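Student: When the sequence shown is numbered by my numbering, its final residue is 753 and no position is left out of the sequence of numbers.
Note that the Cβ used here is the ideal one computed from N, Cα and C, for glycine as well.
Predicted model, so just to flag it, every value in this text is computed and none were measured.
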Amino acid sequence: RLAREAELPYALLGMVTDYDCWREEHAFVEVSEVIAQMARNGTVARATVEKFVALLPGTREASPLDTVLDYALITAPEARDPSALAKLDAVAGRVLDKAPQ
Numbered sequence: 653r654l655a656r657e658a659e660l661p662y663a664l665l666g667m668v669t670d671y672d673c674w675r676e677e678h679a680f681v682e683v684s685e686v687i688a689q690m691a692r693n694g695t696v697a698r699a700t701v702e703k704f705v706a707l708l709p710g711t712r713e714a715s716p717l718d719t720v721l722d723y724a725l726i727t728a729p730e731a732r733d734p735s736a737l738a739k740l741d742a743v744a745g746r747v748l749d750k751a752p753q
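(1) For residue 680, name the three-state secondary structure that DSSP assigns.
(2) Which of the three DSSP states, helix, strand or coil, is assigned to residue 710?
(3) Name the residue from 684, 695, 685 whose alpha carbon lies nearest to the alpha carbon of residue 665.
(4) Taking the C-alpha atoms as reference points, what is the distance between residue 708 and residue 683?
(5) With a CB to CB cut of under 6 Å and the five nearest residues on each side skipped, what residues in its chain are close to residue 735?
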């Protein structure tokens with residue numbers, strides 16, 4: 653949700669480390685097994701991202717996501733904290749630049 657609010661396209665990749673927390677009939681696992689699975693997941697995740705990125709086009713088509721913040725700034729201009737605005741510049745600079753100060 654935060655990525656969307658920052659007008660950033662994103663995808664989610666969820667990976668399992670163990671089953672014992674929700675499968676009562678499944679044997680308990682050791683921390684070492686979870687860590688080993690996390691390492692395998694890291695390898696799979698890196699390979700997945702590399703393959704995904706290779707499939708992306710060189711340019712991205714316009715999307716409604718590009719303007720999500722257009723009407724998000726609701727604080728009255730006179731109540732806006734300049735230091736807070738400076739912190740938001742990285743994710744909301746496009747709308748802050750055209751918003752009344």
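Tutor: In short:
(1) coil
(2) In the structure shown, residue 710 sits in coil (DSSP, three-state: anything other than H, G, I, E or B).
(3) 695
(4) 37 Å
(5) none
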